[in-house]
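Below is one structure, written out as structure tokens; comments come after it.
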Amino acid sequence: MKKKDKKKFKRRNIRLKNMEIDDLDYFEEEDIAEEKRAEKKIPDKAKTSQKANLKLKKGRILEITTNYKCLVKVKNKVLECSLSGRLKQINFETRNLVAPGDWVNVHISENPRIEEILPRQNSLSRFTESEFQQEVLIATNINQVIITASWQNPQLKPGLIDRYICAANLQNIEPIICVNKIDLCQDLAELEGTMDFYRQLQIPVVFTSATKNIGIEELKQYLQDKDSVFSGHSGAGKSSLLNCLLPDLELKVANISDYTGKGIHTTTQSRLIPWKFGGNLIDTPGIKTFNLNKKDKDKIFRIFPGFKKLYPECKFPDCTHTHEVECAVKKAVDQEKFPLARYESYLRIFQSLQ
Ligand code: GDP
Ligand code: ZN
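Be aware that the sequence shown starts at -3, since it is given in the working numbering, and climbs by one per residue.
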């Protein structure tokens, strides 16, 4: 270890010793266990606190209000917190350092401050198009993503669904496809044909109509007791669906008690809202395109939907299913055992990551 690094290491240890998690008797037993577990996993930079003797309480981010301010639920209170300056320097590759769903440790005071971001179980992110891709965190610590699409207006884009499934597979998030505006569908057989591919992969597909109240109860069953992020093409009817699922959504947001007494912002950002029937919703702004991370280009040929069973049969273990000989994927496409349209979708994604 270099002399300089040794010094740093020593300093960090001292800081850690000085850091104090709140009086144990304030928390219930399971909170304490959770906190201790989480503490072990905190990455070094987020672990060190500049200030000694901080009283930290664990909370979950509900919403990002401005650049470095968020609403955090700590126990049953919602606090508007700022992000500690030190945390802002951790990662330049992400556009936003935190997202709804993040667990954080907050220093409680007149001006509550997030001192630590606890390690994430997973995250759903999209990536900017530029050469140096930046990550845009959509939601973190979630069980499932509800890929919200519509049959028409806007037209169903299975390519976008594929991208979401790839992102979900990379992060161990369960994908669920919701095709809304089913009332506009003239040819159910065609839609079923496209969706069969996903159903055969055990990916749940729910057909809904927010205006005709179709499929809402079925969707609810998938949502119960899970943390779900709703994301999809803008205009597909996500807001209308959420209004069916949470009729008093607006009321609920307005009723959240704000510890600091400042008003709650209405926002076009993602936000976490508890369902009445258990679990949480993370609502996100609609998107039109969804770019994956170029750094995942060496994983995509394994995690693309439907490839799991096929790629072990390819001659080369790192087969990209493009130019290689004896490729099980290409063979399945030739034999019409794998839909050509989905293979072409794969090729477009593969190309976009080069
Ligand atoms: P979002 O951008 O995904 O949140 O979409 P909105 O909920 O704002 O809906 C966009 C448009 O689609 C609105 O004009 C809605 O009235 C309409 N819409 C939403 N759901 C349905 C549906 O199930 N059927 C039909 N026909 N129209 C719908
Ligand atoms: Zn192959």
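The beta carbon of each residue, even a glycine, is placed where N, CA and C say it ideally should be. As the structure is a computational prediction, the values presented were derived from the model and not from experiment.
*Which partner residues of His103 appear in the DSSP bridge assignment?*
Leu52 and Arg109
*Using a threshold of 8 Å, is the CB atom of Leu180 nearer than that to any non-hydrogen atom of the ligand GDP?*
yes
*asked:* the ligand ZN and Leu75: does the residue's C-beta get closer than 8 Å to at least one heavy atom of that ligand?
replied: no
*Please classify Arg344: is it buried, with 16 or more other beta-carbons within 10 angstroms of its beta-carbon, or exposed?*
exposed
*Taking 8 Å as the threshold, find out whether the stretch 204 to 218 comes into contact with the stretch 229 to 247 through three or more Cβ pairs.*
yes
*Can you name the residues that DSSP bridges to Asn287?*
Paired residues: none, contrary to the question.
*Going by beta carbon distance, what residues of the same chain come within less than 8 Å of Lys295, once the five residues before and after it are set aside?*
Closer than 8 Å at Cβ, skipping near neighbours: Leu166.
*Which parts of the stretch 173 to 239 are runs of the alpha helix (DSSP H), unbroken and 4 residues or longer, counting only runs that do not cross its ends?*
184 to 196 and 212 to 219
*asked:* Tell me which residues share the same chain as Glu24 and place their Cβ nearer than 8 Å to its Cβ, disregarding the 5 neighbours each side in the sequence.
replied: For Glu24, the predicted model reports a pLDDT of 39, less than 50, meaning its position is unreliable and no value from the coordinates is stated.
*Please confirm whether any heavy atom of the ligand ZN lies closer than 8 Å to the CB of Thr144.*
no
*Specify whether the stretch 102 to 117 and the stretch 53 to 71 touch according to this definition: at least 3 beta carbon pairs, one from each stretch, less than 8 Å apart.*
yes
*asked:* Let me check you understand the geometry: is the CB of Lys284 closer than 8 Å to at least one non-hydrogen atom of the ligand GDP?
replied: no
*Per DSSP, what kind of secondary structure is Ser348 in: helix, strand or coil?*
The three-state secondary structure of Ser348, taken from DSSP, is helix.
_Are the CB atoms of Leu133 and Leu114 within a distance shorter than 9 Å?_
no
_Cα-Cα separation between Glu188 and Thr62, rounded to whole angstroms_ = 42 Å
*With burial defined as no fewer than 16 other Cβ atoms inside 10 Å of the residue's Cβ, what is the status of Asp279: buried or exposed?*
buried
*Does the ligand ZN have a heavy atom nearer than 8 Å to the CB of Phe300?*
Checking the Cβ of Phe300 against the ligand ZN gives no.
*Cβ neighbours of Ile142 in the same chain (closer than 6 Å, five flanking residues each side left out)*: Ile172, Cys174, Ser224 and Phe226
*Sort Gly97, Ile161 and Gln198 by Cα distance to Ser341 and report the nearest one.*
Ile161
*asked:* I want to check one thing, is the minimum distance from the CB of Ala324 to the heavy atoms of the ligand ZN below 8 Å?
replied: Yes, the beta carbon of Ala324 sits closer than 8 Å to at least one heavy atom of the ligand ZN.
*Where does the unbroken beta strand (DSSP E) through Leu133 begin, and where does it stop?*
Glu131 to Thr136
*In the DSSP assignment, find the unbroken alpha helix (DSSP H) run with Phe297 in it and report its ends.*
Start and end: Ile296 to Ile299.
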